[in-house]
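If you're matching positions, the sequence shown starts at 1 in our numbering and goes up one per residue.
Even glycine gets a Cβ: it sits at the ideal position worked out from N, Cα and C.
Below is one structure, written out as structure tokens, with a few remarks after it.
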Amino acid sequence: MAAHSKHIYEKVALIGIGLIGSSISHAARRAGIVGTITGSARTPATLETAKRLKLVDAAYPTAAEAARDADLVILCVPVGACGSVAEEIAPVLKPGAVVTDVGSVKGCIVRDCGPYIPSGVHFIPGHPIAGTEHSGPESGFAELFDNRWCILTPPDGTVPSEVAKLKSFWQALGSNVEVMPADHHDLVLAITSHVPHLIAYNIVNTAAHLERVTDSEVIKFSAGGFRDFTRIAASDPTMWRDVFLNNKEAVLEMLGRFTEDLIHLQRAIRFGEGETLFKMFTDARAIRRGIIQAGQDTAAPNFGRDGKPGKG
Ligand code: NAP
Numbered sequence: 001m002a003a004h005s006k007h008i009y010e011k012v013a014l015i016g017i018g019l020i021g022s023s024i025s026h027a028a029r030r031a032g033i034v035g036t037i038t039g040s041a042r043t044p045a046t047l048e049t050a051k052r053l054k055l056v057d058a059a060y061p062t063a064a065e066a067a068r069d070a071d072l073v074i075l076c077v078p079v080g081a082c083g084s085v086a087e088e089i090a091p092v093l094k095p096g097a098v099v100t101d102v103g104s105v106k107g108c109i110v111r112d113c114g115p116y117i118p119s120g121v122h123f124i125p126g127h128p129i130a131g132t133e134h135s136g137p138e139s140g141f142a143e144l145f146d147n148r149w150c151i152l153t154p155p156d157g158t159v160p161s162e163v164a165k166l167k168s169f170w171q172a173l174g175s176n177v178e179v180m181p182a183d184h185h186d187l188v189l190a191i192t193s194h195v196p197h198l199i200a201y202n203i204v205n206t207a208a209h210l211e212r213v214t215d216s217e218v219i220k221f222s223a224g225g226f227r228d229f230t231r232i233a234a235s236d237p238t239m240w241r242d243v244f245l246n247n248k249e250a251v252l253e254m255l256g257r258f259t260e261d262l263i264h265l266q267r268a269i270r271f272g273e274g275e276t277l278f279k280m281f282t283d284a285r286a287i288r289r290g291i292i293q294a295g296q297d298t299a300a301p302n303f304g305r306d307g308k309p310g311k312g
């Protein structure tokens, strides 16, 4: 069959068809930029759902079957699973193919997948900064990446035209694209995504262990702020376990700084230093305004409660 002129990649393989994999399928179909989409997942239930929702043209129980002959292979599995998937697909990758991923940590992808990528295959790790707290093939939607950033972290020596092509693919999915080194990505995401998730998990656990406040009170009065943390803390435990195991250094660095600032606040409260508190809260408010001005959120008061893009 002749290649369609609008297609950026003719055959795309999605290894893992959860929130991100299914959203890529929806957005790629919306843009009309791919020919066929193959997919693989671990469980028959996910494969069945992917077929039923027409997320893929062919669904396979192994990554190697899905990746065979693909022009673009996208690893959409938890970061801790990417290395073994790369090892599995290496023998079937066709010369000139591009292998990328969507993992929330990038240094570990270079470390775990890089050694398996055959010469003649282009390896360009990536991370769309877009997500929700929902998982699985039914949770995806075409608009997930619209006006969100996607970061590509090509290792030194990657062919520039292949980076440009993958960039155009993500732009067609709706994203803005930035290129940066993997270690810088991991540092930035530690403070913008990983530490906030850790704080959310922790505060929800702290509330769960309180003895003098009942569970029903925590739920009843949650609109005081707690509710927003529970949304973040509802994120997939496997994904987030892998993020913290694989971005250890950057997270510990940012957590150290966070702890110092928290102690500063604690001291200000203890000694009644209202001016310190007021200044810190005023500075924080300006950051929120900056995010709205940059188009990364709306000023709508229901932010975060409609399941729409926000994190990753
Ligand atoms: P998800 O909805 O849970 O889907 C994960 C997919 O990977 C499923 O198809 C699952 O198959 C498969 N899978 C899970 N463990 C596997 C393993 N050990 N080996 C092979 N396949 C496995 O996850 P997701 O939210 O799409 O996340 C996928 C990747 O995107 C992660 O690396 C994550 O860091 C990154 N990411 C997530 C977000 C977000 O907000 N969720 C945002 C940006 C990037 P079964 O369904 O058959 O179990």
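Got a sec? Which residues, its chain only, sit under 6 Å from residue i by beta carbon, not counting five neighbours each side?
{"i": "V73", "result": "A13, A67 and V99"}
{"i": "A28", "result": "V34"}
{"i": "G140", "result": "L19, S22, S23 and H26"}
{"i": "A86", "result": "C113 and Y116"}
{"i": "M239", "result": "P78"}
{"i": "K308", "result": "For K308, the predicted model reports a pLDDT of 48, less than 50, meaning its position is unreliable; a value from the coordinates is still stated below. Nothing listed; no residue qualifies."}
{"i": "I203", "result": "F229"}
{"i": "V188", "result": "none"}
{"i": "A172", "result": "A31 and I33"}
{"i": "S135", "result": "G18, L19 and D236"}
So is residue i buried or exposed if we call it buried at 16+ other beta carbons inside 10 Å?
{"i": "R289", "result": "exposed"}
{"i": "N247", "result": "buried"}
{"i": "G16", "result": "buried"}
{"i": "S182", "result": "The sequence as given places Ala at residue 182; Ser does not occur at that position. Buried, since its Cβ has 16 or more Cβ neighbours within 10 Å."}
{"i": "G225", "result": "exposed"}
{"i": "H127", "result": "buried"}
{"i": "I129", "result": "buried"}
{"i": "F221", "result": "exposed"}
{"i": "T38", "result": "buried"}
{"i": "L166", "result": "buried"}
{"i": "V102", "result": "buried"}
{"i": "S168", "result": "exposed"}
{"i": "A59", "result": "buried"}
{"i": "V177", "result": "buried"}
{"i": "V56", "result": "buried"}
{"i": "L47", "result": "buried"}
Going by C-alpha to C-alpha distance, which of the options sits closest to residue i?
{"i": "G295", "options": "W149, L189 and V102", "result": "W149"}
{"i": "S40", "options": "S22, A27, E249 and G32", "result": "S22"}
{"i": "I124", "options": "G107, P95, H209 and L152", "result": "L152"}
{"i": "R318", "options": "L144, H7, L47 and T132", "result": "For the chain, the structure presents residues 1 to 312; residue 318 sits outside this window and is missing."}
{"i": "G256", "options": "A190, D186, A63 and P160", "result": "A190"}
{"i": "G83", "options": "A63, A31 and G32", "result": "A63"}
{"i": "E143", "options": "T43, G174 and D156", "result": "G174"}
{"i": "D146", "options": "E65, R30, T158 and Y60", "result": "R30"}
{"i": "H194", "options": "R241, Y9 and H209", "result": "R241"}
{"i": "A70", "options": "I8, T158, P160 and A299", "result": "I8"}
{"i": "A200", "options": "K11, E162 and A234", "result": "A234"}
{"i": "C76", "options": "R267, R42 and T158", "result": "R42"}
{"i": "A97", "options": "R267, D283, T214 and S161", "result": "S161"}
{"i": "T158", "options": "V110, A284 and G272", "result": "V110"}
{"i": "V121", "options": "V163, D283 and M180", "result": "V163"}
{"i": "E65", "options": "A81, L55, E88 and M180", "result": "E88"}
{"i": "S104", "options": "T192, T49 and H209", "result": "T192"}
{"i": "T36", "options": "E10, A284 and E217", "result": "E10"}
{"i": "D261", "options": "V218, G274, E249 and M280", "result": "M280"}
Report all residues from its chain with a CB closer than 7 Å to the CB of residue i; omit the five preceding and five following residues, and keep chain order.
{"i": "P118", "result": "A90 and L93"}
{"i": "C108", "result": "V79 and N246"}
{"i": "K6", "result": "G32 and I33"}
{"i": "E211", "result": "none"}
{"i": "H185", "result": "K106, H127, I151 and T153"}
{"i": "K51", "result": "A59"}
{"i": "F271", "result": "none"}
CB-CB under 8 Å to residue i, same chain, minus the five flanking residues each way: which ones, in chain order?
{"i": "I269", "result": "L277"}
{"i": "L198", "result": "F244, V251 and L255"}
{"i": "A45", "result": "none"}
{"i": "L53", "result": "S22, P137 and E138"}
Exercise for review: Quick one: which unbroken alpha helix (DSSP H) runs of 4-plus residues sit fully inside the stretch 158-215? Chain order, please.
Suggested key: Entirely contained in the stretch 158-215, the alpha helix (DSSP H) runs reaching 4 residues are, in chain order, 160-172, 182-189 and 195-208.
Point to revise | Runs of alpha helix (DSSP H) lying entirely within the stretch 85-150, each at least 4 residues, in chain order | key: The stretch 85-150 is shown to contain whole alpha helix (DSSP H) runs of 4 or more residues at 107-113, in chain order.
Check your understanding: Of all the alpha helix (DSSP H) runs that stay within the bounds of the stretch 11-99, which reach a length of 4 or more residues?
Key -> Within the stretch 11-99, the complete alpha helix (DSSP H) runs of at least 4 residues are 19-31, 44-52, 63-67 and 82-89.
**Study point:** Contiguous alpha helix (DSSP H) assignments of at least 4 residues, all confined to the stretch 270-296
**Key:** The stretch 270-296 contains these whole alpha helix (DSSP H) runs: 274-293.
Check your understanding: What are the complete alpha helix (DSSP H) segments, minimum 4 residues, inside the stretch 222-249?
Key -> Whole alpha helix (DSSP H) segments, 4+ residues: 226-232 and 237-246.
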